[in-house]
Amino acid sequence: METRDVENAAEAIRGIFPETPLQLNDHLSRHYGAQVWLKREDLTPVRSYKLRGAFNFMRKAIAAGGGEQTFICASAGNHAQGFAFACRHFQVPGIVFMPVTTPQQKIDKTRMFGGEFIAIRLFGDIFDQCYAAAREHVEVIGGQMVPPFDDVDIIEGQATVAAEIVAQMPEGEKPDLIVLPVGGGGLSAGVTGFLAGTLPENAFIFAEPGGAPSLKRSLEKGEIVTLPKVDNFVDGAAVARIGDLNFEALKGFSSEQVVLVPENAICVTMIDMLNVEGVVLEPAGALSIATLSLLDPQEIAGKTIVCVVSGGNFDFERLPDVKERAMRYAGLKKYFILRLPQRPGALRDFLNLLGPDDDIARFEYLKKSARNFGSILIGLETKDSANFVALTERFEAAGLGYEDITENDILANLII
Numbered sequence: 074m075e076t077r078d079v080e081n082a083a084e085a086i087r088g089i090f091p092e093t094p095l096q097l098n099d100h101l102s103r104h105y106g107a108q109v110w111l112k113r114e115d116l117t118p119v120r121s122y123k124l125r126g127a128f129n130f131m132r133k134a135i136a137a138g139g140g141e142q143t144f145i146c147a148s149a150g151n152h153a154q155g156f157a158f159a160c161r162h163f164q165v166p167g168i169v170f171m172p173v174t175t176p177q178q179k180i181d182k183t184r185m186f187g188g189e190f191i192a193i194r195l196f197g198d199i200f201d202q203c204y205a206a207a208r209e210h211v212e213v214i215g216g217q218m219v220p221p222f223d224d225v226d227i228i229e230g231q232a233t234v235a236a237e238i239v240a241q242m243p244e245g246e247k248p249d250l251i252v253l254p255v256g257g258g259g260l261s262a263g264v265t266g267f268l269a270g271t272l273p274e275n276a277f278i279f280a281e282p283g284g285a286p287s288l289k290r291s292l293e294k295g296e297i298v299t300l301p302k303v304d305n306f307v308d309g310a311a312v313a314r315i316g317d318l319n320f321e322a323l324k325g326f327s328s329e330q331v332v333l334v335p336e337n338a339i340c341v342t343m344i345d346m347l348n349v350e351g352v353v354l355e356p357a358g359a360l361s362i363a364t365l366s367l368l369d370p371q372e373i374a375g376k377t378i379v380c381v382v383s384g385g386n387f388d389f390e391r392l393p394d395v396k397e398r399a400m401r402y403a404g405l406k407k408y409f410i411l412r413l414p415q416r417p418g419a420l421r422d423f424l425n426l427l428g429p430d431d432d433i434a435r436f437e438y439l440k441k442s443a444r445n446f447g448s449i450l451i452g453l454e455t456k457d458s459a460n461f462v463a464l465t466e467r468f469e470a471a472g473l474g475y476e477d478i479t480e481n482d483i484l485a486n487l488i489i
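Going left to right, the sequence shown walks through residues 74 to 489 as my numbering numbers them.
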């Protein structure tokens, strides 16, 4: 990757939006005893960095004489919105293929960014079906596919994030660590490529969702691994296969530099940033910040750290689920199945076991399991995770039959 090419791309991008801020975050800096800077890609016009790659790809395609073609992409998220914005900017026709299951909010936002220059086609129940339909349509009409991450011009566009970081750091300072969220790998390939020779290889940490470790598994094996399934909660980074070009750019890094972040830990960060900073982040956007809680505190203390905040397209209908996940991860909410004797006063005896900070969030009788005993599903919230240790000790002392199903994914998904 040529530095001048990335700088030219960054200069061209200034025609559609100013550089996104690099902000020193006091809250996170105090918490981790470090200088934590946030590169706020959630503040682009489409609230994610994806606009950079789509814009750069189309800029180059049009300059090469492709302006008469119809541009096509397949996406249900940030790539679609960046693509739509670029189509409207260049005033070229575009078609966005989305799965039929795409939430209406995402469809409406994509249409808003693209206006009359885009059409939206809904096809298939899952992304793979949608992507196949888009590829077929490209062949039928002779259009131009705009890939989400696996392309040199897309990577070059995402590399402009790094060019801005270099220009925005205080004079004479360099980051000790840059934490990059990883999905398909376009952002990571671009940033590391631009900064090669400027920062050592161990200055980069790659953050992947725990349920979609495509880069980590590929680095461990030394070749690209296609995951048999992924957890789609972190929808902006839940990719089963890292891009070919992107893996080629990243294969020299150690798998130890990839941190797998539990989805529920990401939820803790989302709630914290919303409550403390008033910053709305999508799960993928919170990925790099959440990674800090998993690093060795002694290793990051006193260091200058840049976390790339990749996006803020969050659907607030998901907020109750995010809060639930965050409380469970923090140990502030648990679910139990209780086996109570069928006698007067049994429920009162149980309630007397609860502490002053224990609050019942859910209470439900389950199918009667025996003549003399009944089962109850109960959800409890508390202010301090240590309260649950004391509570279960009181359960044991009282001879109460119980099972903690908080971390039992099968039971929790079926019952809760």
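All C-beta atoms, glycine included, are put in the ideal place defined by N, C-alpha and C.
Going by the CB atoms, is the gap between residue j and residue i shorter than 8 Å?
i: A83; j: E244; result: no
i: F170; j: A207; result: yes
i: H210; j: I180; result: no
i: G216; j: F144; result: yes
i: E350; j: G385; result: no
i: Y105; j: L365; result: yes
i: E229; j: D432; result: no
i: F387; j: Q330; result: no
i: L450; j: R467; result: no
i: A311; j: A285; result: yes
i: I339; j: A363; result: yes
i: F130; j: V219; result: yes
i: F446; j: R412; result: yes
i: V165; j: I135; result: yes
i: Q241; j: G126; result: no
i: K247; j: L288; result: no
i: V334; j: E281; result: yes
i: Y408; j: G474; result: no
Could you tell me whether the Cβ of residue i comes closer than 8 Å to any Cβ of chain B?
i: N348; result: Absent from the structure: chain B. Only one protein chain is present.
Where residue i and residue j are concerned, what is the direct C-alpha to C-alpha distance, given to the nearest angstrom?
i: P254; j: P417; result: 55 Å
i: N460; j: A399; result: 17 Å
i: H152; j: P221; result: 6 Å
i: N337; j: A357; result: 12 Å
i: G258; j: F423; result: 52 Å
i: G404; j: E92; result: 39 Å
i: T233; j: V381; result: 12 Å
i: V353; j: V395; result: 12 Å
i: S448; j: V462; result: 22 Å
i: F283; j: E274; result: Residue identity differs from the one stated: residue 283 is Gly in this sequence, not Phe. So the alpha carbons of these two residues sit roughly 23 Å apart.
i: A322; j: I378; result: 22 Å
i: N305; j: Q415; result: 42 Å
i: L484; j: L97; result: 42 Å
i: N348; j: A374; result: 24 Å
i: G197; j: T299; result: 21 Å
i: I191; j: D317; result: 29 Å
i: R87; j: E80; result: 11 Å
i: F128; j: Q177; result: 24 Å
i: D201; j: E296; result: 22 Å
i: K456; j: R120; result: 34 Å
i: E141; j: P118; result: 26 Å
i: A235; j: L268; result: 7 Å
Identify which residue in the options has its Cα closest to the Cα of residue i.
i: I410; options: R391, Y438, L426; result: Y438
i: S361; options: M74, E80, L111, N81; result: L111
i: Q108; options: I191, T175, L250, F190; result: L250
i: D477; options: V79, T465, D432; result: T465
i: V341; options: L420, T455, D430, R401; result: R401
i: L116; options: D78, P94, A136, Q371; result: P94
i: P429; options: A269, E454, L450, V298; result: E454
i: L292; options: N319, S148, L272; result: N319
i: T175; options: R194, M185, G188; result: R194
i: P172; options: E141, G187, Y204; result: Y204
i: L368; options: Q231, F446, F277; result: F277
i: L124; options: S383, M218, L333; result: S383
i: I227; options: G155, K247, K289; result: G155
i: L260; options: V307, Q241, I315; result: I315
i: D99; options: L473, R391, G452, M346; result: M346
i: K324; options: G309, L333, P301, T265; result: T265
i: L392; options: I344, K376, Y408; result: I344
i: K406; options: Y475, E480, S102; result: E480
Any heavy atom of the ligand FAD closer than 7 Å to the Cβ of residue i?
i: D457; result: Annotation note on the ligand FAD: not contained in the displayed structure, which lists no ligands.
Report the CB separation of residue i from residue j in whole angstroms; it is logged as a contact under 8 Å.
i: R161; j: G188; result: 5 Å
i: G150; j: G309; result: 6 Å
Checklist line | Those runs of the beta strand (DSSP E) which lie wholly inside the stretch 260-341 and span at least 3 residues | finding: With a minimum length of 3 residues, the continuous beta strand (DSSP E) runs that stay inside the stretch 260-341 are 277-282, 331-334.
Next item on the list: Enumerate, from N- to C-terminal direction, the unbroken alpha helix (DSSP H) stretches of 4 or more residues contained entirely within the stretch 215-246.
Entry: You should have 225-231, 233-241.
Margin query: Please give the ranges of any alpha helix (DSSP H) in the stretch 346-424, keeping only runs that are unbroken, at least 4 residues long and fully inside the region.
Written below: 356-364, 370-373, 392-402, 419-424
Next item on the list: Can you check the stretch 428-470 for any alpha helix (DSSP H) of at least 4 residues that lies completely inside it and give the ranges in chain order?
Entry: 459-470
Next item on the list: Can you check the stretch 116-196 for any beta strand (DSSP E) of at least 3 residues that lies completely inside it and give the ranges in chain order?
Entry: Here the runs fully enclosed are 144-147, 167-171, 191-195.
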